[in-house]
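Visitor:
In this note's numbering, the protein residues as written are 6 to 248.
#1: Is residue 198 near residue 175, with beta carbons less than 8 Å apart?
#2: Helix, strand or coil: how does DSSP classify residue 209 here?
#3: For the region 140-157 against the region 97-116, do three or more pairs of beta-carbon atoms, one drawn from each stretch, fall closer than 8 Å, so that the two count as touching?
#4: Any idea what DSSP makes of residue 177, helix, strand or coil?
#5: If you scan the region 127-208 from start to end, which runs of the alpha helix (DSSP H) of 4 or more residues do you find wholly inside it?
#6: Here's a check: name, in chain order, each residue in its chain whose Cβ is nearer than 6 Å to the Cβ of residue 68, leaving out the five neighbours to either side.
#7: Considering just the uninterrupted stretch of the alpha helix (DSSP H) at residue 120, what are its terminal residues?
#8: Give the single residue among 229, 22, 248, 81 whose Cα lies nearest to the Cα of residue 90.
#9: Contact defined as beta carbons within less than 8 Å: I believe residue 149 pairs with residue 196. What is the distance between those atoms, to the nearest angstrom?
#10: Within 8 Å, do at least three Cβ pairs link the region 39-53 to the region 201-208?
#11: Short check: CB of residue 211 to CB of residue 245, under 8 Å?
#12: Counting Cβ pairs closer than 8 Å, one from the region 68-84 and one from the region 93-110, do we hit at least three?
#13: One question on the structure: do residue 88 and residue 166 come within less than 8 Å of each other, judged by their Cβ atoms?
#14: Tell me whether residue 100 is buried or exposed, calling it buried when 16 or more other Cβ atoms sit within 10 Å of its Cβ.
#15: Bridge partners of residue 64, per DSSP?
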C-alpha cells in the first residue's frame, strides 16, 4: 500500500549517497575517508521532514482532543498494539455513496448484512469510499466520503478499536466540512474525529488498494512508528492472506 499523496505540507527527503556519508562519518570521528576499507565509500542515508499525518498513518486519540471520556487521551506511543493487528473487514461504499455523502450506522449495518458477516471483537473495519482511485492526484483530498459520529460509536460498541479509510480523512472531505461550518453547521465539522473525545478508538487514513482485497478472511497489520507523545504516526499497512 502506497504511503504518500497530496499533503498540506509536502514531505521532503534529503539523500546522502555513499560518498556524502563517507565524508560525514569521517568528519564526525576525525577520520580520513581515503582510509576506509573501500576509499571514500560509506553507507547511504536520508533525512526526512514531514508531518506525522502525512501518507498512510494512524490518528491517536490525542489527535482528536486532550481527553477521551474525561480521561487523558492516549498518544500514539500509548495505544495498545493489539488494536493495530487483527482480522480485516472491507466495507465497500465506492458505488453506493457519492462524494461527501456521509456513511451512517445504518449504512454500516446494511454493508455487513450484504456480506452475511457479524463483527467480532477487535476486527479492523476498512472503509472503501473509492477515493483510492484518485490516489496521487491533485484532487485526492476532495474525493470519497466519511463516517458520521454515530457510525463510529456503533462500531466501537461492537468491539472495533481500529477503523481505516482509503480517503484523505475518516470525515468527509474538508472542503465540504468547511462549507457546512460557514453555513453554521458546527456538528458537521470533523464529527468522526471529535467523537473520539467521547469514545476511545483509533483510525488509519489513506489506506489504499482495498479493491484488491476480499471482504473478509484476511489479517491486517497497521503498526505505527513509535513517536513519543505523538498525535499520530506513519504506518505500513499490510494485508496478510492465506495462499
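We treat Cβ as the ideally placed atom computed from N, Cα and C, and that holds for glycine. Since this is a predicted model, take the numbers as computed values, not measurements.
Guide: According to the structure shown:
#1: It is a contact, given that the beta carbons lie within the stated cut-off.
#2: The three-state reading of DSSP puts residue 209 in strand, counting E and B together.
#3: Segments in contact, yes.
#4: It is coil, neither helix nor strand.
#5: Complete alpha helix (DSSP H) runs here, min 4: 154-162, 179-187, 196-199.
#6: Excluding positions up to five away in sequence, the list reads 236, 237.
#7: For residue 120, the enclosing alpha helix (DSSP H) covers residues 110-120.
#8: Taking only the C-alpha atoms, the option nearest residue 90 is 229.
#9: No, residue 149 and residue 196 are not in contact; Cβ-Cβ is about 16 Å, not under 8 Å.
#10: The answer is no - the region 39-53 does not touch the region 201-208, with fewer than three Cβ pairs under 8 Å.
#11: Pairing residue 211 with residue 245 gives a Cβ-Cβ distance that is not under 8 Å.
#12: Result no; under three Cβ-Cβ pairs closer than 8 Å.
#13: In contact: residue 88 and residue 166 (Cβ atoms closer than 8 Å).
#14: Exposed is the call here.
#15: Beta-bridge pairing links residue 64 to 208, 237.
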